[in-house]
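A.B. asks: Counting in the working numbering, the final residue of the sequence shown is number 169, and the numbers go up one at a time with none missing.
Sharing a structure with you now.
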Amino acid sequence: MKETKGIDNMKIAFLDRDGTIIEDYPDKDWTNVKYPDFLEGSIDGLSYLQNKGYQIIIITNQYIIQDGIIDESQFFEFHQLLIKELENKGISILDTFYCPHNDQAQCQCKKPKTGLIDAALIRYPKIDLSKSILIGDSECDADLAARMNISFYSVNKSLVNKSCAYIKNLNDIRDYL
Ligand SMILES: [Mg+2]
Ligand SMILES: [Zn+2]
């Protein structure tokens, strides 16, 4: 039996998707978005995280599914393109957890609720949250990180009052890690 210590423990970079890795749009505009538009520095930043030993998990609120702006198959198709494009750049995404619900559903997964990370912890019990980080652009990302006690980095300057480090894009994470 191997000890499940040290190197066996997984450190994860939990990444928000829209507005963090790729361009975000007003909700209604998502109907017509077919290809992911990677933000400046995001490919380099993800590569850096990977080289630093972080495995990457995307956690994303997609309430526009329940709102009827896109359907689930549209989400999967688009997201697969994104995963593929990252793979072509040598970046592998360990997994994606998404919430399709709007507030009416009163689900447990819409960030800042903890369901997406709870699900990740069930699927990957070796995740070490104390070594993991969360990067996002929204208040819900900052609040989720706080609830889970995960170090948070914001790519949105207006969140600096949320007691987190500001990075102007993902590539600047190298200033901290
Ligand atoms: Mg976002
Ligand atoms: Zn949900």
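Positions of the beta carbon are idealized from the N, C-alpha and C atoms, including for glycine.
Which ranges would you report for the alpha helix (DSSP H) in the stretch 67 to 123 if only whole runs of at least 4 residues count?
C.D. replies: Listed in chain order, they are 107 to 115.
A.B. asks: So, for L169: in the same chain, excluding its five sequence neighbours on each side, which residues have a beta-carbon less than 7 Å away from its beta-carbon?
C.D. replies: The residues are K44.
A.B. asks: For I56, which of helix, strand or coil comes out of DSSP?
C.D. replies: helix
A.B. asks: My assumption, with CB atoms under 8 Å, is that I49 sits in contact with I4. Please give the rounded CB distance.
C.D. replies: 5 Å
A.B. asks: Can you name, in chain order, every residue of its own chain whose Cβ lies under 8 Å from the Cβ of F67, other than the five neighbours on each side?
C.D. replies: Answer for F67: Q54, I57, Y90 and P92, listed in chain order.
A.B. asks: At which residues does the beta strand (DSSP E) containing G128 begin and terminate?
C.D. replies: I125 to G128
A.B. asks: Considering only residues of the same chain and omitting the five flanking positions on each side of V152, which have a CB-CB separation below 6 Å?
C.D. replies: Cβ neighbours of V152 beyond the five flanking positions: Y158.
A.B. asks: Could you check the C-alpha separation between N1 and I125 for me, to the nearest Å?
C.D. replies: 14 Å
A.B. asks: Skipping 5 residues on each side, what residues in its chain have a beta carbon closer than 6 Å to that of L113?
C.D. replies: I119
A.B. asks: Here's a check: name, in chain order, each residue in its chain whose Cβ is nearer than 6 Å to the Cβ of N163, leaving out the five neighbours to either side.
C.D. replies: G33, D36 and G37
A.B. asks: Going by the C-beta, is C132 closer than 7 Å to any heavy atom of ligand 2?
C.D. replies: no
A.B. asks: Counting only runs of 3+ residues fully inside the stretch 3 to 36, write out the beta strand (DSSP E) ranges in chain order.
C.D. replies: Here the runs fully enclosed are 4 to 7.
A.B. asks: When every heavy atom of ligand 1 is checked, does at least one fall within less than 7 Å of the C-beta of D19?
C.D. replies: no
A.B. asks: With a threshold of 8 Å, are at least 3 pairs of Cβ atoms found where one atom belongs to the stretch 16 to 26 and the other to the stretch 131 to 140?
C.D. replies: no
A.B. asks: For S84, which of Q42, P104, G60 and S65 has the nearest alpha-carbon?
C.D. replies: Out of Q42, P104, G60 and S65, Q42 has the C-alpha closest to the C-alpha of S84.
A.B. asks: Helix, strand or coil for I165 per DSSP?
C.D. replies: helix
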